[in-house]
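Colleague:
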């Protein structure tokens with residue numbers, strides 16, 4: 001007999017975009033938008049633990065950089081990926097842009113987001129605030145609403161500007177929905193925009209993580225990536241090797 005899933009509602013707020021809920025089930029807390037659309041999952045004992053493959057795949061994108069010092073997160077959510085990057089990477093300067101003012105507050109209050117002096121959170125629309133963001137070694141795009149990817153995920157100018165905001169040698173990591181054939185949403189647009197020079201990492205949640213270098217002569221060094229992931233595994237508490245094996249060139 002399986003244990004029944006008991007939900008405890010911890011917070012519910014309504015803003016101009018709809019509803020945000022935080023609830024707890026056993027050892028996990030969840031951030032939810034709208035009508036039961038789960039945005040983030042946090043392991044209460046360790047908020048930097050990445051429960052889902054798509055967040056682990058985004059961390060792999062970050063490990064493509066030899067020694068990142070700065071990162072920009074477009075979309076904060078519960079902040080688990082941000083926490084993991086702050087904990088496991090040598091970052092000195094991290095900026096996060098989050099559309100909804102209640103999200104950072106709830107993340108700090110209920111979801112274990114640390115008040116880290118290296119982290120600067122700005123509230124507003126990433127499409128508008130990107131041009132005033134600092135350039136970074138790593139940029140993460142994860143702009144989901146309760147109905148799917150935000151417009152930024154398919155806005156040519158915005159995605160182009162994300163790449164332009166990278167420092168030399170930097171990496172852009174995009175959490176993109178997959179279509180029924182397993183390709184990333186907007187595959188044709190992405191191929192044209194990034195000149196087919198990026199890598200894809202499909203994950204079981206039905207997403208494809210895109211790993212885009214700052215420029216065309218920059219390659220993904222798989223051996224270095226495997227080595228960094230192996231070195232980190234004891235601290236992470238899980239292996240990234242099976243996900244690294246799934247990395248493929250642009251479809």
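Residue numbers (UniProt numbering): 1 to 251.
Positions of the beta carbon are idealized from the N, C-alpha and C atoms, including for glycine.
Determine the DSSP secondary structure at residue 96, reduced to helix, strand or coil.
Modeller: DSSP places residue 96 in strand when its eight states are reduced to three.
Colleague: Going by CA-CA distance only, name the one from 114, 84, 30, 214 that's closest to residue 259.
Modeller: Outside the displayed range of the chain (1 to 251) lies residue 259, so it cannot be described from this structure.
Colleague: Could you give the first and the last residue of the continuous alpha helix (DSSP H) run that contains residue 166?
Modeller: No alpha helix (DSSP H) contains residue 166, which is instead part of the beta strand (DSSP E) from 166-177.
Colleague: Closest by CA to residue 17, which one among 150, 157, 197, 86?
Modeller: Taking only the C-alpha atoms, the option nearest residue 17 is 150.
Colleague: Compute the Euclidean distance between the alpha carbons of residue 115 and residue 183, then round it to the nearest angstrom.
Modeller: One C-alpha to the other measures close to 37 Å.
Colleague: Using only alpha-carbon positions, find the residue among 34, 30, 14 that is nearest to residue 43.
Modeller: Nearest option by C-alpha distance: 30.
Colleague: Would you mind giving the Cβ-Cβ distance between residue 76 and residue 59, rounded to the nearest angstrom? I have them listed as a contact below 8 Å.
Modeller: Rounded, the Cβ-Cβ distance is 16 Å, inconsistent with contact.
Colleague: Would you kindly check if the distance between the Cβ of residue 11 and the Cβ of residue 166 is under 8 Å?
Modeller: No, they are not a contact pair.
Colleague: Quick test of your reading: residue 63 and residue 225, contact by CB under 8 Å. State the CB separation rounded to the nearest angstrom.
Modeller: Correct: roughly 6 Å between the Cβ atoms.
Colleague: Keeping to the same chain, check which residues put their C-beta closer than 7 Å to that of residue 207; ignore five residues upstream and five downstream.
Modeller: Around residue 207: 54, 175, 176, 177, 178.
Colleague: Using DSSP with H/G/I as helix, E/B as strand and the rest coil, what is residue 8?
Modeller: If DSSP states are grouped into helix, strand and coil, residue 8 belongs with the strands.
Colleague: Taking a contact to mean a Cβ-Cβ separation below 8 Å, would you say residue 104 touches residue 95 in this structure?
Modeller: No. Outside cutoff.
Colleague: Taking residue 61 as part of the alpha helix (DSSP H), name the residues at either end of that continuous run.
Modeller: Counting along the chain, the alpha helix (DSSP H) containing residue 61 begins and ends at 53-63.
Colleague: Considering just the uninterrupted stretch of the alpha helix (DSSP H) at residue 252, what are its terminal residues?
Modeller: With the chain covering only 1 through 251, there is no way to say anything about residue 252.
Colleague: Going by alpha carbons, who is nearest to residue 190 out of 153, 171, 180?
Modeller: It is 153.
Colleague: So for residue 67, helix, strand or coil by DSSP?
Modeller: Of the three classes helix, strand and coil, the one that applies to residue 67 here is coil, per DSSP.
Colleague: Starting from the Cα of residue 161, find the closest Cα among 135, 65, 188 and give me that residue.
Modeller: Checked all of 135, 65, 188; the closest Cα to residue 161 is 135.
Colleague: Whole angstroms are fine: how far does the CA of residue 168 sit from the CA of residue 137?
Modeller: Roughly 8 Å separates the two Cα atoms.
Colleague: Could you pull out every residue in the same chain whose Cβ sits closer than 6 Å to the Cβ of residue 101, ignoring the five residues on either side in sequence?
Modeller: Cβ neighbours of residue 101 beyond the five flanking positions: 123.
Colleague: Rank 21, 244, 66, 45 by C-alpha distance to the C-alpha of residue 28 and give the top, closest one.
Modeller: Nearest C-alpha to residue 28: 45.
Colleague: Ignoring anything shorter than 3 residues or poking outside the region 177-246, list the beta strand (DSSP E) runs there in chain order.
Modeller: Taking only runs of at least 3 residues, the beta strand (DSSP E) segments lying wholly in the region 177-246 are 199-203, 207-213.
Colleague: Who are the Cβ neighbours of residue 25 in its own chain at under 8 Å, not counting the five residues just before and after it?
Modeller: 5, 6, 7, 8.
Colleague: Which residues mark the beginning and the end of the beta strand (DSSP E) in which residue 32 is found?
Modeller: Here the beta strand (DSSP E) through residue 32 covers 28-33.
Colleague: Pull up the DSSP beta-bridge partners for residue 149, would you.
Modeller: In the DSSP output, where bridge partners are listed per residue, residue 149 has 144.
Colleague: Please classify residue 1 as buried or exposed, where buried requires at least 16 neighbouring CB atoms within 10 angstroms.
Modeller: In this prediction, residue 1 has a pLDDT of 46, which is less than 50 and means its spatial position is unreliable; nothing more can be read from the coordinates.
Colleague: Relative to the C-alpha of residue 248, which residue among 33, 48, 61 is closest?
Modeller: Ranking the options by Cα distance to residue 248, first place goes to 61.
Colleague: Return the first residue and the last residue of the alpha helix (DSSP H) that residue 17 is part of.
Modeller: Note, residue 17: premise wrong, no alpha helix (DSSP H); not H, not E.
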